[in-house]
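**Q** I have a structure I would like to understand better, so I am pasting it below and will then ask my questions one at a time.
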Amino acid sequence: MSGKAILILFAFLLAAPSVAFAHGGGHSEEKSSADLTEEVTPLNDSIYAVDAGEESGMSDPSDTPMGSLFSSNDILGNEDPLADMEMGDGEPMKRFKEKTDAGHEQGQHEMHKQHVEEATHEWVSPHAKGYGVAVGITIISGLVFAGLSILRMGEGNSNRNLE
Amino acid sequence: MSGLQKILKERLGIHLLDYEVPDHSNSIKYSLGGMTMTSFGVLVISGILLAQFFNPTPERANSSVHFLMDQVYMGWFLRGIHFWAGEILTVTLVLHMIRVFYTASYKKPREVNWLIGVGLFGLMINLMFTGTVLKWDQEGYEALDHFLWVAEKFGILGVPLTENFSPGIPLLSRVYMAHISLLPILTIMLLGLHLFYIKYHKLSAKPDGTDTGKSITFAQHTAYLRRAGAGVFTFICLLALTISPPLGNVPIMGLEVTKPPWQFVWIYALENIWVPSLIVAPFLIGFCLVSVPFIDRSPETDPKKRPIAMLVLWSTIILFTALILWGKFTTMTHSM
């Protein structure tokens, strides 16, 4: 059986050489920012493009009487809290275009590395909204666990012999 | 038995939980699966609540998570619970798989349940991956970028996983659909099957023949799992209360500057050696896991009498630990 498994494994590896070696197989030198941006250009065509609907000929839902129901605007006229939030330089797509339009200078990659702040774990501030309630939930949960551990409700000792 | 108990027993069929299981069921080793289920339950409930505040469009996703963290009452705690439940689930799931392998519980007649477990493992990885993408910061963007690179290499087969499949629909929205709908539904279905086969084949005996032969009822085992679940939830709450999950700002496209979460960092290390590892490694690991019950067919379950299996197990643990550590401390030397 192990022989068969090895054969299947070989078949899998042989069937995928074009995939496996598509990248040349091994370290490649770090590319310049110009190469990098050119390679990723197709990526931005649709995933991040909010205007993709217009390009594909789809009508703008806000033009229709019921359009607002499908938009992120509140139909009751309330302000959209997310609209005012810090979004960097606007849409990712727009920023990306600006970056490529600005030229492909050397060292651009390093420049953006400095721009991207590394997301790390942070200590929770005791001033966070609802911190006291969160502490309460944690304490109650801990007490339930402690209670169950002491009382062992339902766990019982009534072992029965299987044989 | 009180009248109420009798009514409940008759109407709800609770007496069906009175079947016998070995007494070693009530131990941490044999309750790791139950603990994983607790974390999954916490993930489902917190996920439903999180979904009320998440905007799955590329231009709003990241800011909606920031809004949740900063402006929504206890939003930070909710997201913390969701995040840490995922972390705990990873640990208990891997430990559960190690226990099953160590005790040879995948052997006849439980091969099918091992395969279902491998399927659940794959689904959990996909859930973690899609969850990483959804926060739509630099880390999330780069994760999706890598995924698209892999999908492209599969040609026509990979098209359904790319934006070309449904032009005009942001891929992030489809990732969201997978995360909150498709993957959880599949997980719950497989989980049901997994539990059914545990009941059908019964919990495996101790591998070294030290079974006492005594049993407890399944209801007693669920009482133990309830206590373990309360412990797991308390631990999740404590972590959520003290350490906030990472969250960056909107991504800058075309850059590859972050490292993936620790669950995926081993593949980052492999990618650093050989880029196509991104494609080969997941399939190879999946293939090896699926092969386990078909390669190791001897009835022997005692770890001391299974030196090759133990060698494979410890080598795998050491290899992945080394890759995770290396991935954490190494610097990327290539760009895709």
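Taken in order, these protein sequences are the chains called A and B. Counting in my numbering, the first sequence runs from 427 upward without gaps. Counting in my numbering, the second sequence runs from 15 upward without gaps. Note that beta-carbon positions come from the ideal geometry of N, C-alpha and C, so glycine has one too. Predicted, not measured: the structure shown is a model, and the values here were computed from it.
(1) Counting only beta-carbon atoms, is residue 16 of chain B nearer than 8 Å to chain A?
(2) Quick check on DSSP: helix, strand or coil for residue 150 of chain B?
(3) What number of angstroms, rounded off, separates the C-alpha of residue 91 of chain B from the C-alpha of residue 143 of chain B?
(4) Starting from residue 570 of chain A, trace the beta strand (DSSP E) in both directions and tell me its first and last residue.
(5) In angstroms, rounded to a whole number, what distance separates the CA positions of residue 161 of chain B and residue 16 of chain B?
(6) Using beta carbons (cut-off 8 Å, strictly below), is residue 501 of chain A in contact with chain B?
(7) Start and end of the alpha helix (DSSP H) containing residue 231 of chain B?
(8) In the DSSP assignment, find the alpha helix (DSSP H) that holds residue 24 of chain B and state where it starts and stops.
(9) Take residue 225 of chain B and list the residues in its own chain whose beta-carbon comes closer than 8 Å to its own, dropping the five residues that flank it on each side.
(10) Enumerate in chain order the residues of its own chain whose CB-to-CB distance from residue 264 of chain B is below 8 Å, with the five nearest sequence positions on each side excluded.
(11) Just reading off the beta strand (DSSP E) that residue 34 of chain B is part of, what are its end residues?
(12) What would DSSP say about residue 218 of chain B, mapped onto helix, strand or coil?
(13) Note down, in chain order, each residue of its chain lying with its Cβ closer than 6 Å to the Cβ of residue 555 of chain A, except the 5 sequence neighbours on either side.
(14) When you check each C-beta in the stretch 225 to 256 of chain B against every C-beta of chain A, which residues fall closer than 7 Å?
(15) I'd like to know if residue 262 of chain B contacts chain A, where contact means its C-beta is closer than 8 Å to some C-beta of that chain.
(16) Measuring CB to CB, does residue 130 of chain B end up less than 8 Å from residue 215 of chain B?
(17) Please state whether DSSP places residue 98 of chain B in a helix, a strand or coil.
(18) Listed from N- to C-terminal order along the chain, which residues in the stretch 552 to 579 of chain A have their beta-carbon within a distance smaller than 7 Å of any beta-carbon of chain B?
(19) Please decide whether residue 143 of chain B counts as near chain A, where near means a Cβ-Cβ distance under 8 Å.
(20) Applying the 10 Å Cβ sphere with the 16-neighbour rule, what's the burial state of residue 29 of chain B?
(21) Of all the alpha helix (DSSP H) runs that stay within the bounds of the stretch 32 to 119 of chain B, which reach a length of 4 or more residues?
(22) Straight-line CA distance for residue 132 of chain B to residue 117 of chain B?
(23) Looking only at C-alpha atoms, which of B:64, B:199, B:260, B:309 sits nearest to residue 153 of chain B?
(24) Counting only beta-carbon separations shorter than 8 Å, does residue 269 of chain B have a partner in chain A?
(25) What in chain A is Cβ-close to residue 101 of chain B, meaning under 8 Å?
(26) Under a Cβ-count criterion, where at least 16 other Cβ atoms within 10 Å of its own Cβ denotes burial, should residue 95 of chain B be classed as buried or exposed?
(27) Between the Cα of residue 551 of chain A and those of B:81, B:107, B:257, spot the shortest distance and give me the residue it belongs to.
(28) Please classify residue 288 of chain B: does DSSP put it in a helix, a strand, or coil?
(29) Any Cβ of chain A within less than 8 Å of the Cβ of residue 266 of chain B?
(30) Roughly how many angstroms separate the alpha carbons of residue 179 of chain B and residue 192 of chain B, rounded to a whole number?
(31) Helix, strand or coil, according to DSSP, for residue 471 of chain A in the structure here?
(32) For residue 272 of chain B, return the contacting residues in chain A, with the cut-off set at a CB-CB distance below 8 Å.
(33) Checking 8 Å against the spacing of the C-beta atoms, do residue 109 of chain B and residue 46 of chain B come in under that value?
(34) Cα separation between residue 31 of chain B and residue 582 of chain A?
(35) Counting pairs of Cβ atoms below 8 Å between the stretch 49 to 62 of chain B and the stretch 239 to 259 of chain B, do you hit three or more?
(36) From which residue to which residue does the alpha helix (DSSP H) around residue 124 of chain B run?
**A** With the given structure in hand:
(1) At a cut-off of 8 Å between beta carbons, residue 16 of chain B makes no contact with chain A.
(2) Correct three-state label for residue 150 of chain B: coil.
(3) The straight-line gap from Cα to Cα measures roughly 21 Å.
(4) Not the beta strand (DSSP E): residue 570 of chain A falls in the alpha helix (DSSP H), residues 557 to 577.
(5) 58 Å
(6) Note on residue 501 of chain A: pLDDT 45, under 50, position unreliable in the model; the coordinate value appears next. No - not a single Cβ of chain B is within 8 Å of the one on residue 501 of chain A.
(7) Where residue 231 of chain B is concerned, there is no enclosing alpha helix (DSSP H), although the beta strand (DSSP E) it sits in stretches over 228 to 231.
(8) 17 to 26
(9) 36, 38, 219
(10) Answer for residue 264 of chain B: 76, 77, 150, 151, listed in chain order.
(11) That run of the beta strand (DSSP E) goes 34 to 36.
(12) coil
(13) Excluding the 5 residues flanking it on each side, residue 555 of chain A has no same chain C-beta neighbour closer than 6 Å.
(14) 227, 228, 229, 230, 233, 234, 237, 238, 240, 241, 244, 245, 247, 248, 251, 252, 255, 256
(15) yes
(16) no
(17) Looking at residue 98 of chain B - three-state DSSP - the assignment turns out to be helix.
(18) 554, 555, 556, 559, 560, 561, 563, 564, 567, 568, 570, 571, 574, 575, 579
(19) no
(20) exposed
(21) 46 to 65, 75 to 84, 89 to 116
(22) 16 Å
(23) B:260
(24) yes
(25) Within 8 Å Cβ-Cβ: nothing; residue 101 of chain B doesn't reach chain A, min ~11 Å.
(26) buried
(27) B:257
(28) In this structure, residue 288 of chain B counts as coil in the three-state DSSP scheme.
(29) Interface with chain A (8 Å Cβ-Cβ cutoff): residue 266 of chain B is included.
(30) 15 Å
(31) Residue placement at residue 471 of chain A is flagged as unreliable, the pLDDT there being 46, under the threshold of 50; the coordinate-derived value follows with that caveat. Helix at residue 471 of chain A.
(32) 542, 544, 545
(33) yes
(34) Roughly 15 Å separates the two Cα atoms.
(35) yes
(36) Segment: none, residue 124 of chain B is in no alpha helix (DSSP H) and carries neither H nor E.
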